[in-house]
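Working notes for the structure below.
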Amino acid sequence: MSILLDFFRGPEGFTLLSVYHAVLRLSLPVLALFIVVRSAKSLLGFRREPEVWAWLRLATGELLPVTHWENLLGRKKSADIVLDFATVSKNHAVLTRLDDGGWTLTDIGAKGKVEINGSKILSARVRYGDTISLAGLEMVLEPVSKEEARLQANSRTKAGKGNSPGLTLVLLTVFQMLAALELVFNRPEARMTVITAYGILIGVQWTLFVGQKLLKRSGFEIETIAFFLMSIGLGVCASGSPGEMYKQLIAMGIGIAIFLFLGFCLRDLETAKKLRYAAAAAGILLFLANLVLGRNVNGARNWIFIGGFSFQPSELVKICFILAGASTMERIVTRRNLWGFVIYTAFIGGCLVILNDFGAAAIFFVGFLAIALLRSSSYPSAVLIIVGVGMLIVLVWAAALAVKHITHVAERFAGYGHIWEDSFNKGFQQTRSLMCIAAGGIFGLGLGDGWLRYMAGEGASDTDLVFAFVSEEWGLVMAVLMIFALAMLGLFVVRSAKVARSSFYTIGASAAMSILIVQTILNVFGTVDFLPLTGVTFPFVSNGGSSMMSCWGLLAFIKACDTRQNASFAVKLSDQGGDKK
Amino acid sequence: MKSIAKRTFFCLILACFLLFGVLTFVIRYFLYADRWVSFTGSPHVYTNGRLDTGEILDRSGTVLYSSETKQAYAESQTVRRATLHLLGDRAGNIPARVLRAYASKLFGYDKLNGTAAMERSGGKLRLTVSAQVQAVAMQAMNGRKGTVGVYNYKTGEILCAFSGPTFDPLDPPDLETDNADGRYDGVYIYRFFHAAYTPGSIFKLTTLAAALDQLPGLREERFTCTGERIINGQRISCTKAHGEQSLRDALANSCNCAFSEIALRMGKDALSAQAEAERLTESIELDGITTSRGKFDLSDAADNDLASAAVGQYTDLVNPCQYMVFMGAIGGGGRAAEPYLVSGAESGGKQSYAAGTKETPRMLSDEAAATLKELMRHNVQKMYASVDIPGAEVCAKSGTAEVGSDANTATFAGFLDSEKYPLAFIVIVEEGGAGSSTCAPIARDVLQACINVLDGE
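Protein chains in written order, with the numbering used here: chain A, 1015 to 1595; chain B, 0 to 456.
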């Protein structure tokens, strides 16, 4: 009871002000909880209703729905269209929908023949009404009529139904205003900056929301999570280095531009596939620029300074890397090798070794694992590739260590697990973090009222240690909610993979999410000494422009796998009939 | 698509790993946050390099430490020296373990509100020790190295836990220049909790505790001592030939021949089991302090080693605090209270901690305890009647542990068989010569001081 009373008490006992602050301290986590839970309900609770793109009519008259843009036809249970006939191979053919609405059929090395209208093919277009024969099993491809398509679109649950994203966004807006209010009170010297910055944030998120409404898209949960995290990040910035709030907002602007551009490109697979090559090239160029122009900051040469701006190329390369790695199923099953991508990854890994950026190398490695796992046609080959590449990286790293002493990384590893024994040197950041997390309690000391803010910038408390920063000022509840929010996006990606249109999107979303989660893991667990501190950013929260841009870019991939009806601007509405012949 | 969708489990594993890690961290937060928050130098709870704790008081209300005064430590130099190891020194060579353990309770830290509702002053930590008794112990030790411990075996309160040598924390010695004569050797060690000594003959109480249960009729047996016994070619000797004697005289004579015979009849396992029951090789935790482990290992012992171990030599080592608790267990009929140093903490005028009495596991049987009590009482009456305190029946045993050529450790341990003053004690003086002549007077002074303090309460 007395603990509860203490909650409302200030340094001068019970005053109107102390009660006001206490109510504010309580309102923020409650609002945050509502925001996260409401978004979780939509993102994790949606019914996975398949989209039907065409029909296959068997000789028996049975109609089989074609529910993806890429469909594996075969005898095995995990095929998308299961044809349980003895003559049909386990993996027989792939039926792929093209952006123009047409279809192709590809033989993927089946024992039996693949024929269209009686002629054997390896890969050919199929028109509606054509008879497909797989080792003698005949079926006819039939379109979804305009009427059927319209019915289907109407019958599928619209995104956000029963859990209006608009209302969640209203809650988020209240959350942001309360946060700004407290910051204005605790950091009066930065008053104008705080009000303007939060005003811009609120303006941008509503513009994006209304814009999507105009495009008849109603799923805004993914963006809401990003804006929620950004609101906290902006608060950290206001507390630690208010002067950098505008920089963060500019980065957000560029990030959202990348997000929209990428999202629109991903609507059409043909466009996306074209983008791949450009992206792969851009990734290489960015790293080459980094190698030439890079400057050493905190031991890693991963920064470029141009004019007054500085950025980390490796952040943007993450987007290029995923685009380069994503692939359609037809390619996966016909051209079974991954070597091009392995070499690309090796190039990136090599650059990171030279640049001495261990954290980024770990992140790219996990991204590679996610992609390699999805792209390899069987588990054994996946394991082989992953183990091989893993060993290669270890070898390269060991060689690099032998050649030059990587003091920066070595020092950080030396402190790991022994932070209390060397609390003024190697364990400095982590011990201060735990101390401040404990000081913050469950509800925090108040925005702009912590101690870690004195360690912003050079001390990296607003980037590497941001989990502790948020715990101290916003409370442990808020810090944990940030993590829940990100983990939830991860679960959403896994859930929605089942109803994805193309493996390109599944790979993209899964890789993007894996990268975001592993960043969170490295950041948070580094701060609390579960893992060595690697200096990786917390998505959307850490103060850092390049990271902000890259996170928004990665978010586009997640947006592109959201196939709920009318959910995502990065997914074409599916109510166009397939009856163009 | 299906098989590709399934492989997004990779992302699921990462997400679960993240959630699992966060859950683990939250659990750790609730377990350890009060330690993290009082981390040395934390700007949240330190002002000018001193913990914002308030006061530390002894059992009579004497201020031992106050974060609100400039010198922080007690007014009286005697008290400062007598309580040094409890409070720690400024340089951190002697850590303030008790203070650190309760710091968060003193400034009113709670895990819900963090330091937001913290009291910057007014914390009070009450210790069970008496500064007055500590001072008597220090004077009685007279600069010798060793330790004096007294505790109430019914409640667990430690009244005295003195460790020597000591110094004034306001005027610490420079060990580079001030220790030419070795007087500050091991001064940073809190010997009562963090040392382990060869016990010598006080260990015969352990041997007897085991034997009384193992060998029925032992109490009535008679033993013949010729002054020495040869076991495995190894000589076990007594100070003189004790002749034929009863068990209680064998203890009073501290007859090595009789006890080696008892040990051999009883065997290794029974003695090891008794040492285990007394937790001699374990550490106990009390109020932020983890005691040092003793040693009792007969795994490679031949018969002569067993005989030697049974009289407190061989590789035997006991921690003073632990052995004092065993004395309490004899006094308490087989079990004692677990010792503690902090009776309570206050923050902002409200109690934030109150100690409670916990019992140790059983260390010996009722019957063995009763017999030992009788034998130890007889021992005092026969051998060191000068130690006896009117109104409190002192039961004790002395020891002279051979640890080197001429540097014997003098030991003396026992308890008061008294409802009013249920005190167990141990006195150890390094290079102290004979236990009875060196330690018994110290024990008498300190026990008398304890009784005076208790009478005053």
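Don't be surprised by glycine CBs; every beta carbon is placed ideally from N, CA and C.
Keep in mind that this is a model prediction, so the values were computed, not measured.
| query | Terminal residues of the continuous beta strand (DSSP E) containing K123(B)? | reply | Per DSSP, K123(B) belongs to the beta strand (DSSP E) from 123-126.
| Cβ contact check for the region 314-333 of chain B and the region 362-375 of chain B: 3 or more pairs under 8 Å | Touching, yes, given that three or more Cβ pairs across the two stretches are closer than 8 Å.
| message | I'd like to check one pair, G1454(A) with S1485(A): are the Cβ atoms closer than 7 Å? | response | Their beta carbons are under 7 Å apart, which means S1485(A) touches G1454(A) by this criterion.
| What in chain A is Cβ-close to Y28(B), meaning under 8 Å? | What Y28(B) touches in chain A: I1451, A1452, L1490.
| field | Helix, strand or coil at M1153(A) [DSSP, three-state] | value | Correct three-state label for M1153(A): strand.
| said: For chain B, check one thing: does any of its Cβ atoms lie closer than 7 Å to the Cβ of T1207(A)? | reply: So, not an interface residue.
| request: Flag S471(B) as yes if its beta-carbon sits less than 7 Å from any beta-carbon of chain A, otherwise no. | output: Residue 471(B) lies beyond the range of chain B shown here (0 to 456); nothing can be said about it.
| Rounded C-beta distance between T1359(A) and S1517(A)? I'm assuming under 8 Å. | The pair is not a contact, with the Cβ atoms about 19 Å apart (cut-off 8 Å).
| query | For chain A, is any of its Cβ atoms less than 7 Å away from the one on V36(B)? | reply | Flagged as an interface residue toward chain A: V36(B), by a C-beta distance shorter than 7 Å.
| request: Could you tell me whether any Cβ in chain B is nearer than 7 Å to the Cβ of W1465(A)? | output: Yes, W1465(A) counts as interfacial toward chain B.
| request: Look at the Cβ atom of F414(B), then the Cβ atom of A439(B), and state whether they are nearer than 7 Å. | output: No. Outside cutoff.
| said: For chain A, check one thing: does any of its Cβ atoms lie closer than 7 Å to the Cβ of M137(B)? | reply: No, its Cβ sits nowhere closer than 7 Å to a Cβ of chain A.
| query | In its own chain, which residues sit with a C-beta less than 6 Å from the C-beta of A368(B), not counting the 5 before and 5 after it? | reply | Counting only Cβ-Cβ distances below 6 Å, and skipping sequence neighbours, we find I329, G332, G333.
| field | Interface flag, V21(B) vs chain E, CB-CB below 7 Å | value | As a matter of chain content, chain E is missing from the structure shown, whose protein chains are A and B.
| said: I need the straight-line Cα distance from K1594(A) to K1160(A), nearest angstrom please. | reply: Model confidence at K1594(A) stands at a pLDDT of 36, short of 50, so the residue's coordinates are unreliable and nothing is read from them.
| Short check: CB of N1200(A) to CB of G1460(A), under 7 Å? | In this structure, G1460(A) lies closer than 7 Å to N1200(A) by Cβ.
| Should K239(B) be flagged as near chain A, meaning a C-beta pair shorter than 7 Å? | Interface annotation, K239(B): not in contact with chain A, CB-CB separation never under 7 Å.
| field | CB of L446(B) within 7 Å of CB of I388(B), strictly | value | In contact: L446(B) and I388(B) (Cβ atoms closer than 7 Å).
| request: Leaving aside the five residues before and after V1585(A) along the sequence, list all residues of the same chain whose C-beta is less than 7 Å from its C-beta, in chain order. | output: Closer than 7 Å at the Cβ level, and outside the excluded window around V1585(A), lie R1281, A1574, D1576, T1577.
| field | Where the beta strand (DSSP E) containing S65(B) begins and where it ends | value | Per DSSP, S65(B) belongs to the beta strand (DSSP E) from 62-65.
| Would I1456(A) pass as a contact of V1491(A) if the rule is Cβ separation under 7 Å? | With contacts defined as CB atoms closer than 7 Å, I1456(A) and V1491(A) qualify as a contacting pair.
| query | H1432(A) touches chain B at which residues, Cβ-Cβ below 7 Å? | reply | Here the premise fails: no neighbours, minimum Cβ distance about 15 Å.
| query | By DSSP, does Y339(B) sit in helix, in strand, or in coil? | reply | When DSSP states are grouped into helix, strand and coil, Y339(B) belongs to the strand group.
| task | For K1160(A), return the contacting residues in chain B, with the cut-off set at a CB-CB distance below 7 Å. | result | In chain order: nothing, as chain B lies at least about 25 Å away.
| query | Whose CA, out of V1102(A), L1155(A), A1093(A), F1099(A), lies closest to the CA of G1116(A)? | reply | Comparing Cα-Cα distances from G1116(A) to each of V1102(A), L1155(A), A1093(A), F1099(A), the minimum goes to L1155(A).
| Which ranges would you report for the alpha helix (DSSP H) in the region 1086-1150 of chain A if only whole runs of at least 4 residues count? | Whole alpha helix (DSSP H) segments, 4+ residues: zero.
| task | Find out if the Cβ-Cβ distance for the pair F1539(A), G20(B) is shorter than 7 Å. | result | Going by beta carbons, F1539(A) and G20(B) fall inside the 7 Å limit.
| message | Considering Cα atoms alone, identify which of I1095(A), S1528(A), G1558(A), A1036(A) is closest to P1327(A). | response | Of I1095(A), S1528(A), G1558(A), A1036(A), the residue nearest in Cα terms is G1558(A).
| message | Suppose you measure from the CA of G199(B) to the CA of L1545(A); what does that come to, to the nearest Å? | response | Going from the Cα of G199(B) to the Cα of L1545(A) covers about 49 Å.
| request: Name the two residues that bound the continuous alpha helix (DSSP H) containing T23(B). | output: That run of the alpha helix (DSSP H) goes 8-36.
| query | Are the C-beta of K1127(A) and some C-beta of chain B separated by less than 7 Å? | reply | So, not an interface residue.
| said: Between which residues of its own chain and K381(B) is the CB-CB distance below 7 Å, once the five residues before and five after are set aside? | reply: Counting only Cβ-Cβ distances below 7 Å, and skipping sequence neighbours, we find A251.
| message | Within 7 Å of any Cβ in chain A, is that where the Cβ of C10(B) sits? | response | It does: the Cβ of C10(B) has a partner Cβ on chain A nearer than 7 Å.
| query | What's the gap between the Cα of G1471(A) and the Cα of S1255(A)? | reply | CA-to-CA, the gap between G1471(A) and S1255(A) works out to about 8 Å.
| message | Using a Cβ-Cβ distance cut-off of 7 Å, determine whether C1575(A) contacts chain B. | response | Closer than 7 Å: no.
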